[in-house]
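Chains as they are written, first to last, in the numbering used here: chain H, 42 to 380; chain B, 8 to 269; chain U, 240 to 527.
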């Protein structure tokens, strides 16, 4: 401590309006209601209006894909930061959902209205059953094994030449019309997003979060940890499968590329960039990453390099992510105070 | 007091690799007992608890609780039957307020089944029940303490929170793993009546302790362990005067000398 | 007989893949998901040194080993050390780094079948009626030598002992005055060198392709998990188990199933005995 050097520290103070809107009294004034509703409205209206604003079919398609990646990212975020299971194999969910929808559509002739929800549910059950033996594993071990699952599935399909082998399943029906195709992923994403946000604050959600914090204490409380993990995995897997099923109907094709790395790594990168554990952050991350990666498409694999590097940079330098940062700026102001 | 055995351990043995952490330990706890387990560090006390509650798989031996064999049951089933424990290293759900910490055990099948707690069905109710339990265990209801984040609570309150977590299950038996350690004298002083209250409520207690003075106040039986074996068992007075115990526990026969220096 | 010979060769190759990964994990608890990328990278470094700079083969190999070691150490010192101990971040960051290296190489034009390294020795011999080329024999010899040298290194040199101390108990090692950060960097350097060594020994047997990076990573992880993460000798034994299992599958089921066997082995091991076949009890407790 040098003499005369002024010691300062950064202080963060809640904005007045944040404090006023913490309780029921927020309803007393329009300004305060607006303060609460604004971020949510921006998200909802933004996602709904975006397809109308962007030029051309191509970018509308990009937005649809973004929403599907958004589903995957939210699924990853939920599993990693609320349940404590870091899954590096999001592609496994996508692939399972995709193939199930493809089979339901081509073999059983169900319409997309039925295949998408049934693939999500059946896929969720299937993935949960397959992952069940790994649920006691934690940390690195779960991460490693979840990384193996999509690789394994792809290799098995290749080796056994089942489900269309390397060619995939073709001739899948598309969504009935453009509007459905455009808005189904958007609406699903919004519903799931707000549904999950509600879920994690219920008592059930508290237990699931407790599993992440301290599973020993959960066991000591007479709660079956594996059961809760399984339910959480089901929720997360269903979301992934939902994304996969939508994807299959959009591309009208299902193949082993759905088990590809892209579906695992991009949602993770989006989550880290957007803000881990915020659920909304990952969507934000996807809104940034997916269009950029589309723009870089002509550079081939360079885009993977690009978002791998962004991911590393964010993990190391800005691990809180954009959403946490933005939320802090919205609710608090900072000032330097003398010590 | 009626001699109704509630928890019986038979020849519990646990080896870690080549090390014998627990060597054929047997004991019986009767309903309403307060059994103290004492012994030097590394004598297998916590391993005993882990084996009883299923957190560590026994190498051999059996445990009977309420007449059923629980040797092979997973920890959550054992807790579900009413054999609960606290942890020596407290890890509450740090991101939650103290009373929300109790929502989790209140959500357990046992808490919902045994009812007793008011409500239980609708969502918001568990919050109030949580605060009720916290008040019982010494969190002042009208202060802000129950609403504080568990991460900011001092040790004394964390220990109480651990106890409250067990109480939320309406347990038959609570095993307290070093509930006095790390507390100041005044905190211990306020904790002792709490233990006595639990005993009066008919809860059987097993207490692992290093604070002998307070333990001997509440315990009616004491078991001494050393090197993973049960040295002896008996009333506090008998244990205190036993030469073998003194030697193992204090490394000297002169207990008065050790006590005064401690 | 051919099963025995090719099984041995395959097993030694697997052991070479895995040793670097096992070393890094054992010492600094870093699951180095960039291991496969370093393997491929060093292959291309050797190739470039040979063909672009025209260096003699031996010089190129030594330079590659050093360069890869330095690259690994730098990756750790500059990036991974900042997130030390945050397991999940470590996995994601190292995975991303590996991905960046591999896809960067692919983008940089290193793809296709055109990149090969020459064998050390041409020619072949017959053992019990089976034709085996010298390079493959050399793999076994070098593999055995590496395992032996590693054992000597970790038992008789100061650095080696420090590394082993870290592997057993980091806090105790810290108290004994071992600089744990430095040791982690050293371990990463050595681990990368081992990856490079595996690359220069094994790559002359085939083409250098980017996809190998993912396969090497998976195989290395498979071997380490089955052997028990952090247990070096366990890895060697596991390498033999998987190595022979793979050759047997190739002989009796077909080459397609080779990877399936490795993946299935990992999944089964993790489910049945999470600590691996030779993992220590302590690790089991940490895990479950």
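We put the beta carbon where it would ideally sit given N, CA and C, even for glycine.
Got a sec, what are the start and stop residues for the alpha helix (DSSP H) residue 99 of chain B sits in? For the purposes of this step, residue 99 of chain B is taken as residue 92 along the second chain, with counting starting at 1. Here residue 99 of chain B belongs to no alpha helix (DSSP H), and DSSP marks it neither H nor E.
For chain H, is any of its Cβ atoms less than 8 Å away from the one on residue 176 of chain B? Here residue 176 of chain B refers to the residue found at position 169 of the second chain. True, the Cβ-Cβ gap to chain H drops below 8 Å.
Who pairs with residue 32 of chain B in a beta bridge, going by DSSP? Against the second chain, residue 32 of chain B aligns to sequence position 25. Residue pairing by DSSP puts residue 32 of chain B in a beta bridge opposite B:19.
Check whether residue 422 of chain U and residue 435 of chain U have beta carbons under 8 Å apart: As a working mapping, residue 422 of chain U is identified with position 183 in the third chain. As a working mapping, residue 435 of chain U is identified with position 196 in the third chain. In this structure, the beta-carbon distance from residue 422 of chain U to residue 435 of chain U does not fall below 8 Å.
Indicate whether at least one CB of chain B lies closer than 8 Å to the CB of residue 369 of chain H. Residue numbering aside, residue 369 of chain H sits at position 328 when the first chain is read from its first letter. For residue 369 of chain H, not one C-beta of chain B is nearer than 8 Å to its own C-beta.
Is the segment 286 to 306 of chain H touching the segment 102 to 116 of chain B, taking contact as three or more C-beta pairs under 8 Å? In this structure the segment 286 to 306 of chain H does not lie against the segment 102 to 116 of chain B, because fewer than three pairs of beta carbons, one per stretch, are closer than 8 Å.
Chain H within 8 Å of residue 315 of chain U, Cβ atoms only: One-based indexing of the third chain puts residue 315 of chain U at position 76. Cβ-Cβ to chain H under 8 Å: no for residue 315 of chain U.
When you compare the CB of residue 427 of chain U with every CB in chain H, is at least one pair closer than 8 Å? As a position in the third chain, residue 427 of chain U is number 188, starting the count at 1. No, because no Cβ of chain H sits closer than 8 Å to the Cβ of residue 427 of chain U.
Is there a C-beta anywhere in chain H that falls below 8 Å from the one on residue 87 of chain B? Position 80 of the second chain, counted from the first residue, corresponds to residue 87 of chain B. Taking Cβ atoms only, chain H reaches closer than 8 Å to residue 87 of chain B, which makes this a yes.
Check for me: the beta strand (DSSP E) holding residue 67 of chain B runs from which residue to which? Position 60 of the second chain holds residue 67 of chain B. Residue 67 of chain B -> beta strand (DSSP E) spans 67 to 72.
Alpha carbon to alpha carbon, how far is residue 520 of chain U from residue 464 of chain U? Start at 1 with the first residue of the third chain, and residue 520 of chain U comes out as number 281. Start at 1 with the first residue of the third chain, and residue 464 of chain U comes out as number 225. Bear in mind that a pLDDT of 42 at residue 520 of chain U, under 50, signals an unreliable position, so the model cannot answer this.
Host beta strand (DSSP E) of residue 205 of chain H (start-end): As a working note, residue 205 of chain H is residue 164 in the first chain. Per DSSP, residue 205 of chain H belongs to no beta strand (DSSP E) and is neither H nor E.
Which residues in chain H sit within 7 Å of residue 82 of chain B, going by Cβ to Cβ distance? Position 75 of the second chain holds residue 82 of chain B. In chain order: 260, 261.
Step through the CB atoms of chain H and report whether any lies within less than 8 Å of the CB of residue 110 of chain B. The count along the second chain starts at 1 and reaches residue 110 of chain B at position 103. Closer than 8 Å to some Cβ of chain H, the Cβ of residue 110 of chain B qualifies, so yes.
Could you check whether the Cβ of residue 329 of chain H sits closer than 8 Å to any Cβ belonging to chain U? Stepping through the first chain from its first residue, residue 329 of chain H is reached at position 288. By the rule that beta-carbons nearer than 8 Å mark a contact, residue 329 of chain H does not touch chain U.
Which word fits residue 256 of chain H, buried or exposed, when buried means at least 16 other C-beta atoms lie within 10 angstroms of its C-beta? Here residue 256 of chain H is taken as the residue at index 215 of the first chain, counted from 1. Burial call: buried.
Along the chain, which unbroken stretches of the alpha helix (DSSP H) at least 4 residues long are found entirely within the segment 49 to 129 of chain H? Taking only runs of at least 4 residues, the alpha helix (DSSP H) segments lying wholly in the segment 49 to 129 of chain H are 57 to 61, 71 to 94, 97 to 119.
Do you know whose CA, among U:429, U:380, U:385, U:376, lies nearest residue 398 of chain U's CA? For the purposes of this step, residue 398 of chain U is taken as the residue at position 159 of the third chain. Residue U:429 is the option with its Cα nearest to residue 398 of chain U.
Residues of the segment 388 to 399 of chain U whose Cβ lies closer than 7 Å to any Cβ of chain H, in chain order: Those residues of the segment 388 to 399 of chain U that come within reach of chain H (Cβ to Cβ, closer than 7 Å) do not exist; the list is empty.
Hey, is residue 382 of chain H's beta-carbon within less than 8 Å of any beta-carbon in chain U? It is not possible to answer for residue 382 of chain H, since the shown part of chain H is limited to 42 through 380.
Give a yes or no on whether 8 Å exceeds the smallest Cβ distance from residue 248 of chain H to chain B. As a working mapping, residue 248 of chain H is identified with position 207 in the first chain. Chain B, which has a Cβ nearer than 8 Å to the Cβ of residue 248 of chain H, makes this yes.
Among U:278, U:498, U:243, which one has its Cα closest to the Cα of residue 257 of chain U? As a working mapping, residue 257 of chain U is identified with position 18 in the third chain. Per the Cα distances, U:278.
Threshold first: 4 residues or longer. Then list the alpha helix (DSSP H) segments lying entirely within the segment 255 to 318 of chain H, N to C. Uninterrupted alpha helix (DSSP H) stretches at least 4 residues long and entirely within the segment 255 to 318 of chain H occur at 256 to 261, 266 to 292, 303 to 315, given in chain order.
If you run the structure through DSSP and keep just helix, strand and coil, what is residue 127 of chain B? The residue given as residue 127 of chain B occupies position 120 in the second chain. Residue confidence for residue 127 of chain B is low, a pLDDT of 48 falling below 50, so the modelled location carries little weight; the figure read from the coordinates is stated next. If DSSP states are grouped into helix, strand and coil, residue 127 of chain B belongs with coil.
In its own chain, which residues sit with a C-beta less than 8 Å from the C-beta of residue 312 of chain U, not counting the 5 before and 5 after it? As a working mapping, residue 312 of chain U is identified with position 73 in the third chain. For residue 312 of chain U, where only same-chain residues beyond five positions count, the Cβ hits under 8 Å are 424, 425, 427, 428, 431.
CA-CA distance, residue 181 of chain B and residue 166 of chain B? Numbered from 1 along the second chain, position 174 holds the residue referred to as residue 181 of chain B. Numbered from 1 along the second chain, position 159 holds the residue referred to as residue 166 of chain B. Annotation: residue 181 of chain B to residue 166 of chain B spans about 13 Å, alpha carbon to alpha carbon.
Can you give the Cα-Cα distance for residue 314 of chain H and residue 118 of chain B, rounded to whole angstroms? Against the first chain, residue 314 of chain H aligns to sequence position 273. Against the second chain, residue 118 of chain B aligns to sequence position 111. One C-alpha to the other measures close to 40 Å.
I believe residue 298 of chain H touches residue 162 of chain H by the beta-carbon criterion, under 8 Å. Please report the beta-carbon distance rounded to the nearest angstrom. Position 257 of the first chain, counted from the first residue, corresponds to residue 298 of chain H. Position 121 of the first chain, counted from the first residue, corresponds to residue 162 of chain H. No, residue 298 of chain H and residue 162 of chain H are not in contact; Cβ-Cβ is about 24 Å, not under 8 Å.
Measuring only between beta-carbons, confirm whether residue 334 of chain U sits less than 8 Å from chain H. Counting from 1 along the third chain, the entry for residue 334 of chain U is found at position 95. It does: the Cβ of residue 334 of chain U has a partner Cβ on chain H nearer than 8 Å.
Starting from the beta carbon of residue 266 of chain H, find every residue of chain B whose beta carbon is closer than 8 Å, and list them in chain order. Here residue 266 of chain H is taken as the residue at index 225 of the first chain, counted from 1. Against chain B, a Cβ distance below 8 Å from residue 266 of chain H picks out 83.
Under 8 Å between C-beta atoms of residue 342 of chain U and residue 346 of chain H: One-based indexing of the third chain puts residue 342 of chain U at position 103. One-based indexing of the first chain puts residue 346 of chain H at position 305. In this structure, residue 346 of chain H lies closer than 8 Å to residue 342 of chain U by Cβ.
Going by beta carbon distance, what residues of the same chain come within less than 7 Å of residue 65 of chain B, once the five residues before and after it are set aside? Locating residue 65 of chain B in the second chain gives position 58, counting from the first residue. When the five nearest sequence neighbours on each side are left out, the beta carbons in the same chain lying within less than 7 Å of the beta carbon of residue 65 of chain B are those of 19, 20, 21, 58, 78, in order along the chain.
Provide the residue span of the alpha helix (DSSP H) that contains residue 392 of chain U, from first to last. Working through the third chain from its first residue, we reach residue 392 of chain U at position 153. Residue range 373 to 395 is occupied by the alpha helix (DSSP H) that includes residue 392 of chain U.
Note down, in chain order, every chain B residue with its Cβ under 7 Å from the Cβ of residue 251 of chain H. Translated into positions along the first chain, residue 251 of chain H becomes position 210. Proximity of chain B to residue 251 of chain H at the Cβ level (cut-off 7 Å) is accounted for by 100, 111, in chain order.
Using a cut-off of 7 Å between C-beta atoms, extract the partners of residue 356 of chain H located in chain U. As a working mapping, residue 356 of chain H is identified with position 315 in the first chain. Using a Cβ-Cβ cut-off of 7 Å, residue 356 of chain H is close to 322, 328, 331, 332 of chain U, given in chain order.
How long is the line joining the alpha carbons of residue 234 of chain B and residue 29 of chain B, rounded to whole angstroms? Walking along the second chain from the start, residue 234 of chain B turns up at place 227. Walking along the second chain from the start, residue 29 of chain B turns up at place 22. In a straight line, the C-alpha of residue 234 of chain B is about 8 Å away from that of residue 29 of chain B.
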